[in-house]
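Peer 1: From first to last, the protein sequence lines are chains A and B. Quick note, the first sequence lines up with residues 1 to 256 if you use our numbering. Quick note, the second sequence lines up with residues 1001 to 1256 if you use our numbering. The beta carbon of each residue, even a glycine, is placed where N, CA and C say it ideally should be. In this text the structure is predicted, and so the values were computed from the model without any measurement.
2 protein chains.
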Amino acid sequence: MRKQILVSNDDGITSKGIRALVEVAATFGDVTVVAPDKPQSGQGHAITLEHPLRLYGVDLFWDIPNVRAFECSGTPVDCVKLAKNVIAKGQQFDLCVSGINHGSNTSINIIYSGTMSAATEAAVEKIPAIGFSLTSFRHDADFNAAKHYVHHIIETALGKGMPESNLWNVNIPNLPLEEIKGMRVCRQAKGYWTEEFVQGKDPAGRAYFWLAGHFVCEDEGDDTDIWAIENGYVSIVPAMFDLTHYPALQPLRDLF
Amino acid sequence: MRKQILVSNDDGITSKGIRALVEVAATFGDVTVVAPDKPQSGQGHAITLEHPLRLYGVDLFWDIPNVRAFECSGTPVDCVKLAKNVIAKGQQFDLCVSGINHGSNTSINIIYSGTMSAATEAAVEKIPAIGFSLTSFRHDADFNAAKHYVHHIIETALGKGMPESNLWNVNIPNLPLEEIKGMRVCRQAKGYWTEEFVQGKDPAGRAYFWLAGHFVCEDEGDDTDIWAIENGYVSIVPAMFDLTHYPALQPLRDLF
């Protein structure tokens, strides 16, 4: 039985990163691509409730065998829902891979990332899932070294399974292959964004605010995804979607 | 020193639920409302990167003392970022409250919910935060019983602090006050949505897909938020935003 692999992303179906991921995924089985028809970075776990979605077959990947592809007008999470419930109705995917994102999704970025939210949605819906990100935001980023690790990680997940967590957040440093030191299994680094909105006036003279800001890492640990990336390693964080903070249950019961 | 309270939501600044929340919050201190100028349900942790935001002062809450209010063209998370970094620059909020949402945010709905994402963003940015939801999606839902519990919970959070977790997900059953049995501190129930997209043709004859579906609860526990709501209790889940699945770290290290 050939493996069935779902591919999505948040940079849009025409991005270089998703093509790199499709090229790797197609070496393992049949690939179904369902990805946004436009950039959806920072869409987090958004879904489209207020209006209908469009879904069209496209032949962008005609040169790669065993690939069918669809572009969707919605968010990354919408893409996964349509893939599972409309396109593959009745068929189970063996794996969902999302990315390769143009830009890091380490630390708290996991909750803003459409790439990781596509993977998370798949995992919630019982499809083992991996999000891949390269730490370069460039439109023409070089994914060659990343593809090497993506291949190894998909091969491991399909061959040996994913223990305890069916959701991995993988970040790959933007380095030549020979400069990447290897892989590290990590926890999510503690950190947050502090914003400095760019303020200006539009051509009609009305004020606008444009999200900017910089990331603050609060974590000195050498077991975090930030540490791994900064030290030339590929990071893998096993992730989850039960947001209960269990250590707080008893103190909170004492309070109420 | 008067308490400084930030209020946001995802149903939009004109919704009945946010007015109920502002009425309660204003009894505890100075209130700053920053909320979306239109419904943003299901926006999850989306942020607006690709275009600028608008932010306008409004006098919708003129009849409630100690309230200033702003409507924002962005997502609930954008609202919190603008509140902290533009409106209150240099001033710290003592508490952020989000909602009262028209509809349940129990179980996995925490990750789709704009209401909870506003609260989560505040917590990430070091502001203690509580999301409140009433289990009625009606536009004209009755928030009177909910307000009683919102008052009690805000009073507790401000008076006694929030132990271990600075983020609470509160759901309130849609019942008259005398039928609500009390409060339960809970974990997030395991569950997911299975989608059944409504398919049709638009007036131009093109196919569309509209997200529908039903929630599947996989959890029989009597310590979950779903159980609490179904049994007439207000649920409080202490939540967090470190998505690392710690029990998977060692097995994953053995794998790679």
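#1: Could you check which residue in 1059/B, 1115/B and 1063/B has the C-alpha nearest to that of residue 1042/B?
#2: For residue 1085/B, return the contacting residues in chain A, with the cut-off set at a CB-CB distance below 8 Å.
#3: Step through the CB atoms of chain A and report whether any lies within less than 8 Å of the CB of residue 1033/B.
#4: Can you grab the Cα-Cα spacing for the pair residue 1065/B / residue 1096/B, in whole Å?
#5: Nearest by alpha-carbon distance to residue 232/A: which of 182/A, 117/A, 93/A and 240/A is it?
#6: Residue 1242/B versus chain A: which residues are under 7 Å apart at the beta carbon?
#7: Hey, is the stretch 139-150 of chain A in contact with the stretch 161-180 of chain A, meaning 3+ C-beta pairs nearer than 8 Å?
#8: Give every residue of the same chain whose Cβ lies closer than 6 Å to the Cβ of residue 1184/B, excluding the five residues on either side of it in the sequence, and list them in chain order.
#9: Would the beta-carbon of residue 166/A fall within 8 Å of that of residue 123/A?
#10: I want to verify the contact list: residues of chain A whose CB lies under 9 Å from the CB of residue 1004/B, in sequence order.
#11: Taking Cβ positions only, does residue 70/A come closer than 8 Å to chain B?
#12: Taking Cβ-Cβ distances below 9 Å as the criterion, which residues of the stretch 1015-1031 of chain B are in contact with chain A?
#13: Listing by chain order, which chain A residues have their CB less than 8 Å from the CB of residue 1164/B?
#14: Go ahead and pull the three-state DSSP assignment for residue 27/A.
#15: Note down the Cα distance separating residue 1091/B from residue 1132/B, rounded to an integer number of angstroms.
#16: Spatial neighbours of residue 186/A within its chain, please: C-beta separation below 7 Å, excluding the five flanking residues on both sides.
#17: Tell me the DSSP bridge mates of residue 201/A?
#18: Contact criterion: CB-CB distance below 8 Å. Does residue 1127/B meet it with respect to chain A?
#19: With a threshold of 8 Å between beta carbons, is residue 44/A in contact with chain B?
#20: Please look up how many angstroms separate the CB atoms of residue 108/A and residue 1241/B, rounded, as I've assumed it's under 8 Å.
#21: Is residue 1/A close to chain B, meaning its C-beta is less than 8 Å from at least one C-beta of that chain?
#22: Between the Cα of residue 1029/B and the Cα atoms of 1035/B, 1023/B and 1004/B, which residue gives the shortest distance?
#23: Can you find a CB in chain A that lies within less than 8 Å of the CB of residue 1007/B?
#24: Residues in the same chain with beta-carbon distance under 6 Å from residue 1024/B, minus the five sequence neighbours each way, listed in chain order, please.
#25: Could you tell me which of 1082/B, 1008/B and 1177/B sits nearest to residue 1117/B, measuring between CA atoms?
#26: By Cβ distance below 6 Å, which residues in the same chain neighbour residue 1199/B in space, the five residues on each side in sequence not counted?
#27: Which one or two residues does DSSP pair with residue 1187/B in a beta bridge?
#28: Taking only the alpha-carbon atoms, compute the straight-line gap between residue 214/A and residue 1036/B and give it to the nearest angstrom.
#29: Where in the stretch 1047-1084 of chain B do unbroken runs of the alpha helix (DSSP H), each at least 4 residues long, occur, reported from the N-terminal end onward?
#30: Looking at chain C, which residues of the stretch 39-67 of chain A have a Cβ within less than 7 Å of any of its Cβ atoms?
#31: Would you decide whether residue 81/A is buried or exposed? Buried here means 16 or more other CB atoms lie within 10 Å of its CB.
#32: Can you tell which of 50/A, 100/A, 70/A and 192/A has its C-alpha closest to the C-alpha of residue 130/A?
#33: What do you get for residue 177/A, buried or exposed, if any count of 16 or more other CB atoms within 10 angstroms of its CB means buried?
#34: Taking only the alpha-carbon atoms, compute the straight-line gap between residue 1246/B and residue 1026/B and give it to the nearest angstrom.
#35: Buried or exposed: which applies to residue 250/A, given that a residue is buried once 16 or more other Cβ atoms fall within 10 Å of its Cβ?
Peer 2: So, from the listed chains and residues:
#1: Counted from its first residue, the second sequence places residue 1042/B at position 42. Closest by alpha carbon: 1115/B.
#2: Numbered from 1 along the second sequence, position 85 holds the residue referred to as residue 1085/B. Those within 8 Å of residue 1085/B in chain A are 194, 195, 196, 197 and 213.
#3: Walking along the second sequence from the start, residue 1033/B turns up at place 33. False, the Cβ-Cβ gap to chain A never drops below 8 Å.
#4: Here residue 1065/B refers to the residue found at position 65 of the second sequence. Here residue 1096/B refers to the residue found at position 96 of the second sequence. Looking at the two C-alpha atoms, the distance is approximately 18 Å.
#5: For the purposes of this step, residue 232/A is taken as the residue at position 232 of the first sequence. Ranking the options by Cα distance to residue 232/A, first place goes to 182/A.
#6: Here residue 1242/B corresponds to residue number 242 of the second sequence, with the count starting at 1. Those within 7 Å of residue 1242/B in chain A are 188.
#7: Contact holds: three or more Cβ-Cβ distances are below 8 Å.
#8: Residue 1184/B sits at position 184 when you count from the first residue of the second sequence. Hits under 6 Å: 1228, 1233 and 1235.
#9: Counting from one through the first sequence, the residue named residue 166/A turns up at place 166. Counting from one through the first sequence, the residue named residue 123/A turns up at place 123. In this structure, residue 123/A lies closer than 8 Å to residue 166/A by Cβ.
#10: Locating residue 1004/B in the second sequence gives position 4, counting from the first residue. The premise fails here: residue 1004/B is roughly 18 Å from chain A at the closest Cβ pair, so nothing lies under 9 Å.
#11: Taking the first sequence and counting its residues from 1, the one referred to as residue 70/A is at position 70. No, because no Cβ of chain B sits closer than 8 Å to the Cβ of residue 70/A.
#12: none
#13: In the second sequence, the residue the question calls residue 1164/B occupies position 164. Simply 245, 247, 248, 251 and 252.
#14: Counting from one through the first sequence, the residue named residue 27/A turns up at place 27. Coil.
#15: The residue you call residue 1091/B lines up with position 91 of the second sequence. The residue you call residue 1132/B lines up with position 132 of the second sequence. Approximately 24 Å between the Cα atoms of the pair.
#16: One-based indexing of the first sequence puts residue 186/A at position 186. If we look at residue 186/A and ignore the five residues flanking it on each side, its Cβ neighbours are 223, 224, 225, 228, 235, 236 and 237.
#17: Reading the first sequence from its first residue, position 201 is the one you call residue 201/A. Per DSSP, 207/A.
#18: Within the second sequence, residue 1127/B is the residue found at index 127, counting from 1. So, not an interface residue.
#19: One-based indexing of the first sequence puts residue 44/A at position 44. Taking Cβ atoms only, chain B reaches closer than 8 Å to residue 44/A, which makes this a yes.
#20: As a first step, residue 108/A must be located in the first sequence, where it is residue number 108. As a first step, residue 1241/B must be located in the second sequence, where it is residue number 241. Indeed they touch by this definition, with Cβ atoms about 7 Å apart.
#21: As a first step, residue 1/A is located in the first sequence; it is residue number 1 there, counting from the start. Chain B, which has no Cβ nearer than 8 Å to the Cβ of residue 1/A, makes this no.
#22: Taking the first residue of the second sequence as position 1, residue 1029/B is located at position 29. Nearest neighbour of residue 1029/B by Cα position, chosen from 1035/B, 1023/B and 1004/B, turns out to be 1004/B.
#23: Indexing the second sequence from 1 puts residue 1007/B at position 7. Chain A contact via Cβ: absent.
#24: For the purposes of this step, residue 1024/B is identified with residue 24 of the second sequence, where counting begins at 1. Cβ within range, chain order: 1147, 1150 and 1151.
#25: What you label residue 1117/B is simply residue 117 of the second sequence in a count that begins at 1. Answer by Cα proximity: 1008/B.
#26: For this step, residue 1199/B is matched to residue 199 along the second sequence. Around residue 1199/B: 1209.
#27: As a first step, residue 1187/B is located in the second sequence; it is residue number 187 there, counting from the start. 1224/B, per the DSSP bridge assignment.
#28: As a working mapping, residue 214/A is identified with position 214 in the first sequence. As a working mapping, residue 1036/B is identified with position 36 in the second sequence. In this structure, the straight-line span from the alpha carbon of residue 214/A to that of residue 1036/B is close to 24 Å.
#29: 1076-1082
#30: In the displayed structure, chain C is absent; the protein chains listed are A and B.
#31: Indexing the first sequence from 1 puts residue 81/A at position 81. Burial call: buried.
#32: Residue mapping note: residue 130/A aligns to position 130 of the first sequence, counting from 1. Answer by Cα proximity: 100/A.
#33: For the purposes of this step, residue 177/A is taken as residue 177 along the first sequence, with counting starting at 1. Exposed, since its Cβ has fewer than 16 Cβ neighbours within 10 Å.
#34: Your numbering for residue 1246/B matches position 246 in the second sequence. Your numbering for residue 1026/B matches position 26 in the second sequence. Distance between the alpha carbons of residue 1246/B and residue 1026/B: 40 Å.
#35: Stepping through the first sequence from its first residue, residue 250/A is reached at position 250. Counting Cβ neighbours within 10 Å, residue 250/A comes out exposed, since fewer than 16 surround it.
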